Amino acid sequence: MNELPQQLANGLILGAMYGLIAIGYTMVYGIIQLINFAHGEIFMIGGFGALTVYLWMPAGVSLLAIIPLMIIGGVICSVAVSTAAERFAYRPLRGAPRLAPLITAIGLSLALQQAIWKWYPDAKKDRSFPQFKGEAIDIFGAHIQRGDLFVLITAPICMLALGLFVSKTRSGRGMQATSQDPDTAKLMGINTDRIIVMAFAIGAAFAAVAAVAYGLKNGQIGFKMGFIMGLKAFTAAVLGGIGNIYGAMLGGVVLGIAESLATGYMSNVPGMELFGGGAWKDVWAFVLLIIVLLLRPQGLLGERVADRA
Amino acid sequence: MRHRSLLILTTVLTTGALTLTACGSRDDSKKSSSGDTQTVVIGVDAPITGDLSALGLGIKNSAELAVKTANKDKTVPGIKFEVKPLDDQAQPSVGQQNAQKFIDDDTVLGVVGPLNSGVSQSMQKPLNDASLTQVSPANTGTELTQGENWKTGDKKRPYKTYFRTATTDQIQGAFAAKYLFNDAKIKQVYLIDDQKPYGAGLAASFKATFTTLGGKIVGTDHVNPDDRDFNAVVTKVKKSGAKAVYYGGEYPAGAPLSQQLKDSVQIPLMGGDGMYSADFIKLNKKAQGDIATSVGKPVEELDSAKKFIADYKTAGYKDAYEAYGGGTYDATWAIIEAVKLAVADNNGKLPDDARAKVLDAMSKVKFDGVTGPVSFDEYGDTTNTMMTAYQVDGGKWTSKLSEVYKP
Numbered sequence: 001m002n003e004l005p006q007q008l009a010n011g012l013i014l015g016a017m018y019g020l021i022a023i024g025y026t027m028v029y030g031i032i033q034l035i036n037f038a039h040g041e042i043f044m045i046g047g048f049g050a051l052t053v054y055l056w057m058p059a060g061v062s063l064l065a066i067i068p069l070m071i072i073g074g075v076i077c078s079v080a081v082s083t084a085a086e087r088f089a090y091r092p093l094r095g096a097p098r099l100a101p102l103i104t105a106i107g108l109s110l111a112l113q114q115a116i117w118k119w120y121p122d123a124k125k126d127r128s129f130p131q132f133k134g135e136a137i138d139i140f141g142a143h144i145q146r147g148d149l150f151v152l153i154t155a156p157i158c159m160l161a162l163g164l165f166v167s168k169t170r171s172g173r174g175m176q177a178t179s180q181d182p183d184t185a186k187l188m189g190i191n192t193d194r195i196i197v198m199a200f201a202i203g204a205a206f207a208a209v210a211a212v213a214y215g216l217k218n219g220q221i222g223f224k225m226g227f228i229m230g231l232k233a234f235t236a237a238v239l240g241g242i243g244n245i246y247g248a249m250l251g252g253v254v255l256g257i258a259e260s261l262a263t264g265y266m267s268n269v270p271g272m273e274l275f276g277g278g279a280w281k282d283v284w285a286f287v288l289l290i291i292v293l294l295l296r297p298q299g300l301l302g303e304r305v306a307d308r309a
Numbered sequence: 310m311r312h313r314s315l316l317i318l319t320t321v322l323t324t325g326a327l328t329l330t331a332c333g334s335r336d337d338s339k340k341s342s343s344g345d346t347q348t349v350v351i352g353v354d355a356p357i358t359g360d361l362s363a364l365g366l367g368i369k370n371s372a373e374l375a376v377k378t379a380n381k382d383k384t385v386p387g388i389k390f391e392v393k394p395l396d397d398q399a400q401p402s403v404g405q406q407n408a409q410k411f412i413d414d415d416t417v418l419g420v421v422g423p424l425n426s427g428v429s430q431s432m433q434k435p436l437n438d439a440s441l442t443q444v445s446p447a448n449t450g451t452e453l454t455q456g457e458n459w460k461t462g463d464k465k466r467p468y469k470t471y472f473r474t475a476t477t478d479q480i481q482g483a484f485a486a487k488y489l490f491n492d493a494k495i496k497q498v499y500l501i502d503d504q505k506p507y508g509a510g511l512a513a514s515f516k517a518t519f520t521t522l523g524g525k526i527v528g529t530d531h532v533n534p535d536d537r538d539f540n541a542v543v544t545k546v547k548k549s550g551a552k553a554v555y556y557g558g559e560y561p562a563g564a565p566l567s568q569q570l571k572d573s574v575q576i577p578l579m580g581g582d583g584m585y586s587a588d589f590i591k592l593n594k595k596a597q598g599d600i601a602t603s604v605g606k607p608v609e610e611l612d613s614a615k616k617f618i619a620d621y622k623t624a625g626y627k628d629a630y631e632a633y634g635g636g637t638y639d640a641t642w643a644i645i646e647a648v649k650l651a652v653a654d655n656n657g658k659l660p661d662d663a664r665a666k667v668l669d670a671m672s673k674v675k676f677d678g679v680t681g682p683v684s685f686d687e688y689g690d691t692t693n694t695m696m697t698a699y700q701v702d703g704g705k706w707t708s709k710l711s712e713v714y715k716p
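Note that the protein sequences, when read in sequence, are chains A and B.
Sequence positions in the first sequence follow this note's numbering and run 1 to 309.
Sequence positions in the second sequence follow this note's numbering and run 310 to 716.
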């Protein structure tokens, strides 16, 4: 059996999830140059929002029918928390030195984790998440689980919608203008505050979709899950070129596939037996990041921009 | 998780400082009223929150139950026992701080716990320096009692204060290998561990016995216990043609690993006592057929445990006693027995150097506990090497084979 298609599919599924979360990092960074470290927790809250909706539903309703409602519930929770964070934690610091909002973001990340840990029922350990029943589907020699189809379908749809939104609508063009030069954009009559809130909201909504995908895939969610996933997604955003939405998705997929291939094949390379396998996959993913940044400091799809300061 | 532990550290430090001052004043009032009853505190250290809290809460409740029973039956006349449970969140650094808190509280004469071998490694030395007896119901790391070089036959007990009612990884891994090879008739196994002291130790001893028996390890891999996506590893397992996977690790990562394994190939996952939890089945919709070994006989099948189970039910604890309930009860009871011996030697009063006297008495402790006869050998290990293999059947663990393991 050739395991390459399977490993590529594993990486693609994982990477699409990273990409969806990375959108949030990249959009916020593109507009206000803030690395929103609380974004991993926004992702986690989306998962708990979706789980709450599921628990409210009467038993016996098919999961397929509940999924849209779960997504809506997750999106509402994520967006609410994310926009509130923007309004009360980041906006008052808009003019402050860049380190101040960065530290605030880290603090917020801790606070959100502890809040879920403390107040969500039974969240002190992992909670089980509903999953689709049924056999896996074989495509091109790869075995794809029902739950994984969710991310493979939603991720391209989300990207397409976002691409159209940014390039075709008035608000989307306002967003581009704000990211190029906020002061001039303001002079041209763009409400930049609204644009910034919108960037946070869109990022949060994508994170919530990713959280539903994560739950369906792994069958469990926990208050700690945002930390590792957020870190990986941030890496994906940098890999793809931070500030570029397509770069975020590409970076996610490249990172996911790199992890998967490193697990699968690195131990077969002569002399590398000790450095292969699941425990070393993160190391190889970051080696890849360093190589890409050495050759293309702006990331895969990033543009070389002069530092505004 | 670095920044979370920073927060915890600050909180622990502040609360620690606050409780220390509180303890100081309470001690004074106790000494003045030491006429009739004296209080002995038994510290309990376990992961009461976090991933492993299902097991941790079972430990805390069972220790409380033992103390309650001792107080009710007046097992040691003139002594009232209390429990002081602290949460270690399965983190060695927190465990060490907890050890210090137990040491600083003069009324603590023994510590039950912790759950994780890795946490124990950070607690052993401070407790040893303070001559404070520690009995773990769950640690299976062989080096904890027999020293770093136990593999080469050079057994040396590193800490005289450390005892346990659980058997070692060496025995557990060997028993698992024998069960899989002889009883489940599986000869090709893929070996995975989570690189923690418990998981890696278990996997190593499994491998040693399994290959001696003639079984074949068709591949090995290591995973990160915080991961939940193991598909890349599962793909390798499938290609290797393994008939089962042995996982050295605990259920939070074991559950998704088992599920993803079953998603692509129908072979069972086998693990040690860290997987033997009801939560493993709750978090894993495809647990059917998975195997785990655990220490002792299933408490449900033991006559000696009937009273424990009934009492646990009567006490109305919300959480199950889980894998280590019986062992914890026995560990706590061992300390109570040691206090009893120390008090009997001192005309019914607590001796002045109570910690040292309790420690001396530990080697003489012998009683019939929940899990069977309890006593400790020259390394502090339990003399009871009864092991049981369980298999998931119809949504619950059912016992398959119990036997006293002889190497």
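Glycine is no exception: its CB is placed at the ideal position from the N, C-alpha and C atoms.
In this text, all values refer to a predicted model and were calculated from it rather than measured experimentally.
Rounded Cβ spacing between residue i and residue j (contact assumed at less than 8 Å)
i, j, result
"His531 (chain B)", "Ala208 (chain A)", "Their Cβ separation, rounded to whole angstroms, is 33 Å, which puts His531 (chain B) and Ala208 (chain A) out of contact at 8 Å."
"Met696 (chain B)", "Val604 (chain B)", "7 Å"
"Ala587 (chain B)", "Glu631 (chain B)", "7 Å"
"Thr263 (chain A)", "Val554 (chain B)", "That belief does not hold up - the Cβ atoms of Thr263 (chain A) and Val554 (chain B) are roughly 15 Å apart, past 8 Å."
"Glu303 (chain A)", "Val197 (chain A)", "Actually they are not in contact, since the Cβ atoms of Glu303 (chain A) and Val197 (chain A) sit about 25 Å apart, beyond 8 Å."
"Pro467 (chain B)", "Gly456 (chain B)", "5 Å"
"Leu239 (chain A)", "Val287 (chain A)", "In fact, because the Cβ distance is near 12 Å, the residues do not count as touching under 8 Å."
"Asn593 (chain B)", "Ser567 (chain B)", "5 Å"
DSSP three-state assignment for residue i, whether helix, strand or coil
i, result
"Phe132 (chain A)", "coil"
"Gln6 (chain A)", "helix"
"Gln220 (chain A)", "strand"
"Ser440 (chain B)", "coil"
"Arg94 (chain A)", "coil"
"Tyr499 (chain B)", "strand"
"Lys548 (chain B)", "helix"
"Gln347 (chain B)", "strand"
"Met225 (chain A)", "helix"
"Ser334 (chain B)", "Because Ser334 (chain B) carries a pLDDT of 41, less than 50, the predicted location of this residue cannot be relied on, and no value is offered for it."
"Arg170 (chain A)", "helix"
"Ser371 (chain B)", "helix"
"Pro682 (chain B)", "strand"
"Lys339 (chain B)", "Its pLDDT being 42, under 50, Lys339 (chain B) is placed unreliably in this model, and the coordinates cannot settle the point."
"Lys434 (chain B)", "helix"
"Arg87 (chain A)", "helix"
"Ile67 (chain A)", "helix"
"Arg466 (chain B)", "coil"
"Thr691 (chain B)", "strand"
Bridge partner(s) assigned by DSSP for residue i
i, result
"Lys393 (chain B)", "B:Gly352"
"Tyr699 (chain B)", "B:Ala601, B:Ser708"
"Leu146 (chain A)", "With the sequence shown as reference, residue 146 (chain A) is identified as Arg, and Leu is not the correct amino acid for it. Arg146 (chain A) pairs with nothing; no bridge assigned."
"Arg473 (chain B)", "B:Ser445"
"Phe676 (chain B)", "B:Val683"
"Arg127 (chain A)", "A:Ile221"
"Val417 (chain B)", "B:Val350"
Same chain, Cβ closer than 7 Å to residue i, neighbours up to 5 away in sequence not counted
i, result
"Thr52 (chain A)", "Gly73"
"Gln497 (chain B)", "Lys525, Val527, Gly550, Ala551, Lys552"
"Gly365 (chain B)", "Ala355, Pro356, Ile357, Leu424"
"Thr124 (chain A)", "One detail in the question is off: residue 124 (chain A) reads as Lys in this sequence, not Thr. Cβ neighbours of Lys124 (chain A) beyond the five flanking positions: Trp117."
"Gln7 (chain A)", "Ser260, Leu261, Gly264"
Neighbourhood of residue i by C-beta distance below 6 Å, restricted to the same chain and skipping five residues each side
i, result
"Gly252 (chain A)", "Gly15, Tyr18, Gly19, Ala22, Ala236"
"Thr330 (chain B)", "Confidence is the limiting factor: at Thr330 (chain B) the pLDDT is only 43, short of 50, which leaves the residue's position unreliable and the question unanswerable from this model."
"Asp639 (chain B)", "Thr474, Gly678, Val679, Thr680, Val683"
"Gly256 (chain A)", "Gly11, Leu14, Gly15, Tyr18"
"Pro561 (chain B)", "Asp360"
"Ser267 (chain A)", "Glu273, Gly276, Gly277"
Neighbourhood of residue i by C-beta, 8 Å cutoff - its chain only, sequence neighbours within 5 removed
i, result
"Ala177 (chain A)", "Thr184, Ala185, Met188, Ile190"
"Ser179 (chain A)", "Gly30, Ile31, Gly243"
"Ser342 (chain B)", "Confidence at Ser342 (chain B) is low in this model, with a pLDDT of 43, below 50, so the placement of that residue is unreliable and no value is reported for it."
"Phe490 (chain B)", "Lys496, Phe519, Leu522, Gly523, Gly524"
Sequence ranges, alpha helix (DSSP H) only - wholly within the region 529 to 589 of chain B, length at least 4: 540 to 549, 560 to 573
Complete beta strand (DSSP E) runs within the region 599 to 638 of chain B (minimum length 3 residues, chain order): Listed in chain order, the complete beta strand (DSSP E) runs (minimum 3 residues) inside the region 599 to 638 of chain B are 600 to 604.
Unbroken stretches of the alpha helix (DSSP H), 4 residues or longer, contained in the region 175 to 260 of chain A: Residue ranges of uninterrupted alpha helix (DSSP H) with 4 or more members, entirely inside the region 175 to 260 of chain A and ordered along the chain, are 182 to 187, 192 to 218, 225 to 240.
Complete alpha helix (DSSP H) runs within the region 261 to 303 of chain A (minimum length 4 residues, chain order): 281 to 295
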